[in-house]
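Numbered per our numbering, the sequence shown finishes at 1141, counting up by one with no gaps. Okay, structure first, notes after.
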Amino acid sequence: MTTVAAASPSLRRLFAFFAATFSVLLLLMIAFHTGLDFGESAHVLYENGGHRTQSAPHRKLLLRSEVEPDRIWGDKCSKSDIVINQGPTAPLPSGIPTYTVEIMNVCVNGCDIAGIHLSCGWFSSARLINPRIFKRLRYNDCVVNDGKPLANGRALSFQYANTFRYPLSVSSVVC
């Protein structure tokens, strides 16, 4: 009986090659079945249609998240009918970065959407924001338009100032 250690160098190389090939194939199969995506950057903030959002990891390691339309046949509206865009604007004179946020109602059924709540973490701003437009109620719960309906096709915008961009996403709506 011959062991690999006692075998010729060419047999050892062949064994090492097959072991390495098997290991690589096993890792690729695991990556494929766990849903890892090698085709996209992990720092996509939003797409133009607003149906996929993903925040860049800032202070935590976050997995890629996708927002899929969750409309059930016959529903008037859903969370995916509210689109949030935000981007950097000129900083304050003190140097604090500012960001402009635009919240739009893009309901395809022509519906007005009320009770728009956003996941917003510990949102705060060095610049005053009209609380009738946007207000943090508690941790990770901000209300838009004082809870009143946002008419179809309309948008609200505001600016905030902070050292970093807050990831905002729709948590609930009332149709």
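Each residue gets a CB set at the ideal place from its N, CA and C atoms; glycine is no exception.
Residue span of the beta strand (DSSP E) that contains residue i, given as start and end
{"i": "C1073", "result": "Careful: C1073 lies outside any beta strand (DSSP E) and carries neither H nor E."}
{"i": "S974", "result": "Taken as a continuous stretch (DSSP letters only), S974 belongs to no beta strand (DSSP E), as it is neither H nor E."}
{"i": "Y1105", "result": "Y1105 -> no beta strand (DSSP E), and no H or E assigned at all."}
{"i": "L1122", "result": "A1121 to A1127"}
{"i": "I1050", "result": "I1048 to T1055"}
Cβ separation of residue i and residue j, assumed to be a contact under 8 Å, to the nearest whole Å
{"i": "I1069", "j": "V1109", "result": "So it is not a contact: roughly 11 Å between Cβ atoms."}
{"i": "T1082", "j": "V990", "result": "Sequence check: residue 1082 is Ile here, not Thr. Between V990 and I1082 the Cβ distance is about 48 Å, and since that is not below 8 Å, they are no contact."}
{"i": "N1071", "j": "G1119", "result": "7 Å"}
{"i": "C1077", "j": "K1042", "result": "5 Å"}
For residue i: DSSP bridge partner residues
{"i": "S1135", "result": "S1085"}
{"i": "K1101", "result": "V1109"}
{"i": "L1116", "result": "I1079"}
{"i": "V1140", "result": "A1080"}
{"i": "V1067", "result": "Q1052 and F1124"}
CB contact check: residue i to chain D, cutoff 8 Å
{"i": "S989", "result": "Among the protein chains of the structure shown there is no chain D, as only one such chain exists."}
Residues near residue i by beta carbon distance below 7 Å, same chain, minus five either side
{"i": "N1014", "result": "Residue confidence is low: N1014 scores 43 on pLDDT, short of 50, so the model does not pin down where it sits. No coordinate-derived value is stated."}
Residues near residue i in its chain [Cβ-Cβ closer than 8 Å; skip 5 each side]
{"i": "V1067", "result": "I1050, N1051, Q1052, F1100, S1123, F1124, Q1125, Y1126 and L1134"}
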